[in-house]
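Asks: In this note's numbering, the protein residues as written are 111 to 239.
Got a structure for you, questions after.
Okay, here's the thing in structure tokens:
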């Protein structure tokens with residue numbers, strides 16, 4: 111049973127990427143030109159009346175999301191009340207698990223969110239190092 115749980119955990123880890131975000135309250139965050147806003151799992155203990163802090167889990171990204179802002183990275187936009195209030199690019203990081211996820215993860219889904227930073231899209235702070 112433990113082996114099956116381990117296999118399931120590896121499968122799920124290979125299919126997603128998770129990042130920490132700060133976004134304006136009431137805004138929708140769109141990532142990688144996907145038509146549906148991402149779901150932010152809000153951390154109520156550190157969110158405020160103006161800012162939502164939480165995690166986003168989504169599908170990994172193709173090679174076109176490689177690089178660092180401003181020229182490279184994962185494209186995003188923030189909309190509020192149907193109007194775009196901000197857009198830009200997020201730092202991406204190579205996902206080592208994609209090497210072990212045959213046959214196509216290394217080709218199609220090698221990049222994910224940077225797990226060690228918070229994407230502060232309120233104050234435009236990203237420490238990509």
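For glycine and all other residues, C-beta sits at the position ideal for the given N, C-alpha and C.
Just so it is clear, the structure is predicted and the values come from calculations on it, not from any experiment.
Measure the beta-carbon distance from residue 160 to residue 135 and round it to whole angstroms, keeping in mind my assumption that it falls under 8 Å.
Replies: Walking along the chain shown from the start, residue 160 turns up at place 50. Walking along the chain shown from the start, residue 135 turns up at place 25. Confirmed, about 6 Å.
Asks: Is residue 150 buried or exposed, if buried means 16 or more other CB atoms sit within 10 Å of its CB?
Replies: Working through the chain shown from its first residue, we reach residue 150 at position 40. Flag for residue 150 reads buried.
Asks: What's the C-alpha gap between residue 133 and residue 174?
Replies: Residue numbering aside, residue 133 sits at position 23 when the chain shown is read from its first letter. Residue numbering aside, residue 174 sits at position 64 when the chain shown is read from its first letter. Whole-angstrom Cα-Cα distance: 24 Å.
Asks: If you draw a straight line from the alpha carbon of residue 145 to that of residue 183, how long is it in whole angstroms?
Replies: Working through the chain shown from its first residue, we reach residue 145 at position 35. Working through the chain shown from its first residue, we reach residue 183 at position 73. Each residue's Cα considered, the two are about 18 Å apart.
Asks: Which ranges would you report for the alpha helix (DSSP H) in the region 141-209 if only whole runs of at least 4 residues count?
Replies: Counting whole runs of 4 or more residues, the region 141-209 contains no alpha helix (DSSP H) stretch at all.
Asks: Assign residue 172 to buried or exposed, taking buried as 16 or more other Cβ atoms, counted over all protein chains shown, within 10 Å of its Cβ.
Replies: Stepping through the chain shown from its first residue, residue 172 is reached at position 62. Under this definition residue 172 is an exposed residue.
Asks: DSSP three-state call for residue 223: helix, strand or coil?
Replies: By one-based count along the chain shown, residue 223 stands at place 113. The answer is strand: DSSP assigns residue 223 an E or B state.
Asks: What does DSSP give as the partner residue(s) for residue 232 in the beta ladder?
Replies: Here residue 232 refers to the residue found at position 122 of the chain shown. BP columns for residue 232 are empty, so no partner.
Asks: Here's the rule: buried if 16 or more other CB atoms are within 10 angstroms of the residue's CB, otherwise exposed. What is residue 195?
Replies: One-based indexing of the chain shown puts residue 195 at position 85. Residue 195 comes out exposed.
Asks: Under DSSP, the beta strand (DSSP E) around residue 129 begins and ends at which residues?
Replies: For this step, residue 129 is matched to residue 19 along the chain shown. Segment 127-134, the beta strand (DSSP E) holding residue 129.
Asks: From residue 190 to residue 138, what distance separates their C-alpha atoms?
Replies: Stepping through the chain shown from its first residue, residue 190 is reached at position 80. Stepping through the chain shown from its first residue, residue 138 is reached at position 28. The alpha-carbon atoms of residue 190 and residue 138 are separated by roughly 6 Å.
Asks: What does the Cβ neighbour count give for residue 233, buried or exposed, with the cut at 16 atoms within 10 Å?
Replies: The sequence position of residue 233 within the chain shown is 123, counting from 1. Residue 233 comes out exposed.
Asks: Within a Cβ cutoff of 6 Å, which residues of the same chain sit near residue 187, ignoring the five residues on either side of it in sequence?
Replies: Translated into positions along the chain shown, residue 187 becomes position 77. So the list reads 140, 194, 197, once near-sequence residues are dropped.
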